[in-house]
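Every letter in the sequence shown is one number past the one before it in numbering that gives the first Met the number 0, and letter 335, counting from 1, is 334.
Just so it is clear, CB atoms sit at the ideal spot from N, CA and C, and this is done for glycine as well.
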Amino acid sequence: MLDKFDKVKDLDFWLQFISSVHPQEVQLGLDRIETVAVKMVLKKPASKVVVFAGTNGKGSCIASLESILVSAGYKVASYTSPHIHRFAERIKLNGKEVNERVLCAAFTYVESCREGVSLTYFEFSTLAALWIFYNETLDIALLEVGLGGRLDAVNLVDGDITVIPSIGFDHQDWLGHSLEEIGLEKAGILRANIPLVYGDKIPVKSILQRARELDAPIYLAGQQFDYVIHRKRNSWSWNGLLNGQAAVFNELPLPKLLISNVAISLQILALLDLKIKEYYVKSAIANLSYAGRQEFRDDISTDVRLLIDVAHNPAAAAVLAGKLRDLKEREPHLTQISAVIAVMADKDIVGMAAALETLVDIWYISQVDEARCMPAKEVVSRLEKSGISGVLLSQDSIVQAYIRACSESVEFEEKNPGKVSMVVVLGSFHSVAAVRELSKSTG
Numbered sequence: 000m001l002d003k004f005d006k007v008k009d010l011d012f013w014l015q016f017i018s019s020v021h022p023q024e025v026q027l028g029l030d031r032i033e034t035v036a037v038k039m040v041l042k043k044p045a046s047k048v049v050v051f052a053g054t055n056g057k058g059s060c061i062a063s064l065e066s067i068l069v070s071a072g073y074k075v076a077s078y079t080s081p082h083i084h085r086f087a088e089r090i091k092l093n094g095k096e097v098n099e100r101v102l103c104a105a106f107t108y109v110e111s112c113r114e115g116v117s118l119t120y121f122e123f124s125t126l127a128a129l130w131i132f133y134n135e136t137l138d139i140a141l142l143e144v145g146l147g148g149r150l151d152a153v154n155l156v157d158g159d160i161t162v163i164p165s166i167g168f169d170h171q172d173w174l175g176h177s178l179e180e181i182g183l184e185k186a187g188i189l190r191a192n193i194p195l196v197y198g199d200k201i202p203v204k205s206i207l208q209r210a211r212e213l214d215a216p217i218y219l220a221g222q223q224f225d226y227v228i229h230r231k232r233n234s235w236s237w238n239g240l241l242n243g244q245a246a247v248f249n250e251l252p253l254p255k256l257l258i259s260n261v262a263i264s265l266q267i268l269a270l271l272d273l274k275i276k277e278y279y280v281k282s283a284i285a286n287l288s289y290a291g292r293q294e295f296r297d298d299i300s301t302d303v304r305l306l307i308d309v310a311h312n313p314a315a316a317a318v319l320a321g322k323l324r325d326l327k328e329r330e331p332h333l334t335q336i337s338a339v340i341a342v343m344a345d346k347d348i349v350g351m352a353a354a355l356e357t358l359v360d361i362w363y364i365s366q367v368d369e370a371r372c373m374p375a376k377e378v379v380s381r382l383e384k385s386g387i388s389g390v391l392l393s394q395d396s397i398v399q400a401y402i403r404a405c406s407e408s409v410e411f412e413e414k415n416p417g418k419v420s421m422v423v424v425l426g427s428f429h430s431v432a433a434v435r436e437l438s439k440s441t442g
């Protein structure tokens, strides 16, 4: 049987294959992946491992930390999910996507050790990533949990530092219907005596309780570390703790990513105790970017300004709303904001829209070619019943909705000289993937 796979060098084949191995897309639990990991003889993937769980902000924290570490010359691996355009976005070495040949070799090895054990797509991918990392000589591996924490495949690995950027409502059917329940699931990544960096300034009690039970040192945003923005100087400063002593970075450049997530990364950096020169920190932060996270782009056809974000739950929508408020304060000519949105069926579309209601003038409701997507008509119905303000326009395709939004933004500016319009795209990774291909980098 394996001879068949030894000859396969095509990534598309493997991605189709690993999607077909298990009957369910998600089945939480560590028994299956642990069984295969033992056969693979997987060991610690790097000298230091940082494991990230939480509702929002994991990817941005990893991108920030990865950029700093790579700038300073460290050998770094990262494993994140989901991807936007290419599977290889999930598995990186020194900030660069692993090539298809390496991915196919990893999938082949996992299959050779699987011996009939049924693995989900994510479990198969996680084992492949860990095998790739194990076969490199790495200083640091940054691993993002896929769903939850306690029963997620990534929890196979013990972290030297654990990180929870934030807790919010998402995936309640899997994780629980209260923040305390969700927090306890996320806290499954904690280990005895291993530090936890936690980004919520109003922390979820179940996480703190679990950390205390494990004697895990807690580094809490607003207490053990914090930041101050200096708008007039176009900079910010950070203060945190290293071995009980104060650690400080001053006059940092304002990043394109959310500062609170970069601040979390700096506390992780302090705990890694690598004595990285401040130059590398500032240089990395100045050049930070991460696809689909508060990303400014321009439409290729019309040059309409875009803000693209993978926000897909109310908490993430609230963060995006904060960005838009800041923009409107600094740019008084920005008088019309249109939102192009498509969401998956399990998402709280009403909660997301409520967070953005006072900022969005026109909603272009759409859908993507994905079985889990909520039909556009259902989205419109829910928003109408909730009384959300703003114009609601429905399109069958996100591409159609996006093209219409850009076209009508141009018309708005032509009819209203001196006024500016912007199109915001959000709701899912699928939404962002479809639109990014029709856009270009700003400037």
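For the 7 Å CB-CB criterion, residue 437 and residue 299 form a contact. Secondary structure at residue 386: coil, using DSSP grouped into helix, strand and coil. Counting along the chain, no alpha helix (DSSP H) covers residue 45, and no H or E run does either. Check the Cα spacing between residue 160 and each of 270, 357, 29, 394: the tightest is with 270. Here the alpha carbon of residue 58 sits roughly 7 Å from the alpha carbon of residue 143.
Here residue 296 is buried, its C-beta having at least 16 other C-beta atoms within 10 Å. Taking the Cα positions, residue 104 is about 10 Å away from residue 10. For residue 340, the enclosing beta strand (DSSP E) begins and ends at 333-340.
Membership of residue 202 in any beta strand (DSSP E) is not indicated, and neither H nor E is assigned to it by DSSP.
DSSP, reduced to helix, strand and coil, places residue 322 within a helical segment of the structure shown. Where residue 424 is concerned, there is no enclosing alpha helix (DSSP H), although the beta strand (DSSP E) around it starts and stops at 419-425. Excluding the 5 residues flanking it on each side, residue 221 has same chain C-beta neighbours closer than 7 Å at 200, in chain order. Taking 7 Å as the cut-off, the Cβ atoms of residue 423 and residue 401 do not count as close. In this structure, the alpha-carbon of residue 382 lies about 8 Å from that of residue 348.
Between the region 366-383 and the region 411-429, the count of Cβ pairs shorter than 8 Å is three or higher; the stretches touch. Apart from the 5 residues on each side of it in sequence, residue 373 sits with its Cβ closer than 6 Å to the Cβ of 342, 344 in its chain, given in chain order. Taking 7 Å as the cut-off, the Cβ atoms of residue 55 and residue 316 do not count as close. Separation of the CB atoms of residue 362 and residue 392 is rounded to 7 Å, and the pair is thereby assigned contact status at 8 Å. The three-state reading of DSSP puts residue 58 in helix, counting H, G and I together.
Counting of Cβ neighbours within 10 angstroms places residue 113 among the buried residues, the total reaching 16 or more. At a Cβ-Cβ threshold of 7 Å, residue 404 and residue 359 do not count as neighbours.
Shown here for residue 44: same chain residues with a beta carbon closer than 6 Å to its own, the five before and five after excluded, namely 129, 132, 133, 140 in chain order.
Only residues of its own chain outside the window of five on either side were considered, and among them 236 have a CB closer than 6 Å to the CB of residue 249, listed in chain order. The alpha-carbon separation between residue 20 and residue 34 amounts to approximately 16 Å.
Per DSSP, residue 113 has no beta bridge partner at all. Each residue's CA atom was taken as its position, placing residue 378 and residue 240 some 46 Å apart.
Residue 238 carries a strand assignment under DSSP once its states are collapsed to helix, strand and coil. When only Cα atoms are considered, residue 74 and residue 67 end up about 11 Å apart. When DSSP assignments are scanned along the region 230-314, the uninterrupted stretches of beta strand (DSSP E) that are 3 or more residues long and fall wholly within it turn out to be 234-241, 244-252, 294-298, 304-307. A check of alpha carbon separations from residue 126 across 32, 331, 255 identifies 32 as the nearest. By the criterion of a C-beta distance shorter than 7 Å, residue 149 is surrounded in its chain by 184, 187, once the five residues flanking it on both sides are discounted.
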